[in-house]
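Engineer:
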Amino acid sequence: MKQDFGRWIDGAIHRNVARRCRLRANVRRAIDASAQGGIMRKILVSALLAAVVLHADCALALDSSSTPVVVTPLASRTTTASGQPITLPQKNVQVLVSTFDIAVGATLPVHRHPFPRYAYVEAGTLKVTNVETGNSNIYKTGDFIIEMIGQWHQATNIGDGPVKLLVIDQVEEGAKNTELRQ
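In structure tokens:
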């Protein structure tokens, strides 16, 4: 099911790139034509053609997929891993997306996050320990983590293979979201 959605997304991205290329070509033709006279008419024709192409491609992207769209909910929570309410930054928010690859047996240093951090476990098994309370959670492939905010914790790869995480941070613009304990 997830692969079907991935193929649909890949197709939509391909169609979007092709649409942009056609639009750029139409704009280039309009610019070239403007040097030869009939500027307004040629720009108008190019703009109309671009609009028709964009509208048709958008309709096809929504309706003509040979694969149905499958949405699989992964998580719905109102609290962090340690039970805190999820609070968002109060100033301009910046979203940071990164991947983490954690080797077998590796332990991250004790750290905390001043802002919300979310992680999707793409592979492996990760043990996260709140060093303030001693409580631990184990996350496996397919789990979604809403990390604790402002509490010292560390994580260890306790599995047989590397841990791969997709991490999303919501921070105040320009801020970092990891503070190491000294």
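Each residue of the sequence shown is one higher than the one before, counting from 37 in our numbering.
Even for Gly, the Cβ is constructed at its ideal location relative to N, Cα and C.
Do P125 and Q206 have their CB atoms nearer than 8 Å?
Structural biologist: Yes, these two residues count as a Cβ contact at 8 Å.
Engineer: Could you give the first and the last residue of the continuous beta strand (DSSP E) run that contains A159?
Structural biologist: Here the beta strand (DSSP E) through A159 covers R153 to A159.
Engineer: With distance defined between alpha-carbon atoms, name the residue in S102, R153 and A211 nearest to I185.
Structural biologist: The shortest Cα separation from I185 among S102, R153 and A211 belongs to R153.
Engineer: Thinking V157 and T177 are a contact (beta carbons under 8 Å), I'd like their distance in whole angstroms, please.
Structural biologist: That pair is a contact at about 6 Å.
Engineer: Can you find a C-beta in chain B that's less than 8 Å from the C-beta of L162?
Structural biologist: In the structure shown, chain B cannot be found, because there is only a single protein chain.
Engineer: Let me check understanding here. Comparing Cα to Cα, which of E209, A111 and V140 lies closest to A155?
Structural biologist: It is A111.
Engineer: Please report how far the alpha carbon of Y175 lies from the alpha carbon of T135, in whole angstroms.
Structural biologist: Roughly 16 Å between the two C-alpha positions.
Engineer: From the DSSP output, in three-state form, read off L144 for me.
Structural biologist: Note: L144 maps to coil in three-state DSSP.
Engineer: Measure how close the beta-carbons of T108 and I182 come, nearest whole angstrom, since I'm counting them as under 8 Å.
Structural biologist: 18 Å between Cβ atoms; not a contact.
Engineer: Given that a residue counts as buried once 16 or more other Cβ atoms are within 10 Å of its Cβ, and exposed if not, what is L201?
Structural biologist: By the 10 Å Cβ count, L201 comes out buried.
Engineer: Rounded to whole angstroms, what is the Cα-Cα separation between T123 and P150?
Structural biologist: Computed Cα separation, rounded: 10 Å.
Engineer: With a CB to CB cut of under 6 Å and the five nearest residues on each side skipped, what residues in its chain are close to F180?
Structural biologist: So the qualifying residues of the chain are L110, A111 and Y156.
Engineer: Sorted by chain position, which residues of the same chain lie with C-beta nearer than 6 Å to Q130's C-beta, five sequence neighbours on each side aside?
Structural biologist: Closer than 6 Å at Cβ, skipping near neighbours: V207 and E209.
Engineer: CA-CA distance, L80 and A139?
Structural biologist: Only weak support is given to the placement of L80: the predicted model assigns it a pLDDT of 39, under 50, and the value that follows is read from those uncertain coordinates. Looking at the two C-alpha atoms, the distance is approximately 58 Å.
Engineer: Classify L96 as helix, strand or coil using the three-state DSSP reduction.
Structural biologist: Note that L96 scores a pLDDT of 49, beneath 50, so its modelled location is shaky; the value from the coordinates is reported in the next line. In this structure, L96 counts as helix in the three-state DSSP scheme.
Engineer: Closest by CA to G197, which one among K212, T169, G141 and N171?
Structural biologist: Comparing Cα-Cα distances from G197 to each of K212, T169, G141 and N171, the minimum goes to G141.
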